[in-house]
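In this note's numbering, the protein residues as written are 405 to 604.
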């Protein structure tokens, strides 16, 4: 019974659309009316600026971390990533937004950070290395999760590998329009890394 309750709580936590909540409460804006219309971190930076984007990232990250920490505390016999995975599903297919959610990058990072901090930090480092080189958030998100999936093989933790592989598949599907633009050379870039230096 406790396991079922924790799975439901994890899904409901993941379903909280913090991009929408932060926008409505602090900025009187509907994030879905800006940029890509996505409720996640990248679009939050577009809609609310740096402070709002960071706040949404932290909130989305925390809602991924909480189920893992709760599982470690209350249900140590089960793999905590099973509960973290439910939070990721909740973010991607939120009950509160008719199952139309975000791309789950920040939430997935929170899940892995709570489960294995070093693994998470190495993975996020790969994101920033890619971002410095390409200046593309979309490509760097896909690259970082692909890197994490490969890295997970070294830990011989099949649940970690399964979760990262599923997140990779989800992120690739959710970024299909971005992938098309990347291949066409029209994907938008952020003023960070080599792209920033080229503009100077």
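C-beta atoms are modelled at their ideal positions from N, C-alpha and C, and glycine is treated no differently.
| said: With distance defined between alpha-carbon atoms, name the residue in 571, 563, 559, 480 nearest to residue 550. | reply: Here the question's residue 550 lines up with position 146 in the chain shown. The shortest Cα separation from residue 550 among 571, 563, 559, 480 belongs to 571.
| In its own chain, which residues sit with a C-beta less than 8 Å from the C-beta of residue 543, not counting the 5 before and 5 after it? | Residue 543 sits at position 139 when you count from the first residue of the chain shown. So the list reads 534, 582, 586, 591, once near-sequence residues are dropped.
| Buried versus exposed call for residue 519 [16 or more other C-beta atoms within 10 Å across all chains shown] | To locate residue 519, count along the chain shown from 1; it is residue 115. Per the 10 Å Cβ criterion, buried.
| task | Starting from the N-terminal side, write out each stretch of the alpha helix (DSSP H) that is 4 residues or longer and does not extend beyond the segment 483-509. | result | 485-496
| At which residue ranges does the segment 495-580 contain complete alpha helix (DSSP H) runs of 4 or more residues, listed in the order of the chain? | 509-519, 521-538, 541-556, 562-578
| Rounded to the nearest angstrom, how far is the Cβ of residue 487 from that of residue 472, given a contact under 8 Å? | Walking along the chain shown from the start, residue 487 turns up at place 83. Walking along the chain shown from the start, residue 472 turns up at place 68. Contact holds; Cβ gap of about 6 Å.
| Three-state secondary structure assigned by DSSP to residue 464 | Indexing the chain shown from 1 puts residue 464 at position 60. Looking at residue 464 - three-state DSSP - the assignment turns out to be helix.
| query | Quick check: the segment 421-436 against the segment 454-465, are there 3 or more CB pairs under 8 Å? | reply | yes
| field | Contact the segment 437-457 vs the segment 495-512: 3+ CB pairs below 8 Å | value | yes
| task | For residue 569, collect the residues of the same chain with a Cβ closer than 6 Å to its Cβ; drop the 5 residues on either side in sequence, then sort them by chain order. | result | For the purposes of this step, residue 569 is taken as the residue at position 165 of the chain shown. So the qualifying residues of the chain are 553.
| To the nearest angstrom, how far is it from the Cα of residue 577 to the Cα of residue 545? | The sequence position of residue 577 within the chain shown is 173, counting from 1. The sequence position of residue 545 within the chain shown is 141, counting from 1. C-alpha separation (whole angstroms): 12 Å.
| Is the segment 477-493 touching the segment 525-533, taking contact as three or more C-beta pairs under 8 Å? | no
| message | With the cut-off set at 8 Å, would you say residue 474 and residue 523 are in Cβ contact? | response | Translated into the one-based positions of the chain shown, residue 474 becomes position 70. Translated into the one-based positions of the chain shown, residue 523 becomes position 119. It is not a contact, given that the beta carbons lie outside the stated cut-off.
| query | How about residue 471: is its C-beta nearer than 8 Å to some C-beta of chain B? | reply | This model lacks chain B altogether, as it is built from one protein chain only.
| said: One question on the structure: do residue 457 and residue 514 come within less than 8 Å of each other, judged by their Cβ atoms? | reply: Locating residue 457 in the chain shown gives position 53, where the first residue counts as 1. Locating residue 514 in the chain shown gives position 110, where the first residue counts as 1. No.
| message | Applying the 10 Å Cβ sphere with the 16-neighbour rule, what's the burial state of residue 453? | response | Locating residue 453 in the chain shown gives position 49, where the first residue counts as 1. Exposed, because fewer than 16 other Cβ atoms sit within 10 Å of the Cβ of residue 453.
| request: Counting only the same chain and skipping the five closest in sequence on each side, list residues whose C-beta sits under 8 Å from that of residue 579. | output: Counting from 1 along the chain shown, the entry for residue 579 is found at position 175. Once the five neighbours on either side are set aside, the close Cβ partners of residue 579 are 507, 542, 545, 546.
| message | Which residue wins for smallest C-alpha separation from residue 516, given the options 539, 497, 492? | response | Mapped onto the chain shown, residue 516 falls at position 112. Taking only the C-alpha atoms, the option nearest residue 516 is 492.
| message | Let me make sure I understand the geometry here. Which of 597, 498, 562 has the alpha-carbon closest to that of residue 416? | response | By 1-based counting over the chain shown, the position of residue 416 is 12. Comparing Cα-Cα distances from residue 416 to each of 597, 498, 562, the minimum goes to 498.
| said: Rounded to the nearest angstrom, what separates residue 595 and residue 539 at their Cα positions? | reply: Position 191 of the chain shown, counting from 1, holds the residue named residue 595. Position 135 of the chain shown, counting from 1, holds the residue named residue 539. Cα-Cα distance, rounded: 7 Å.
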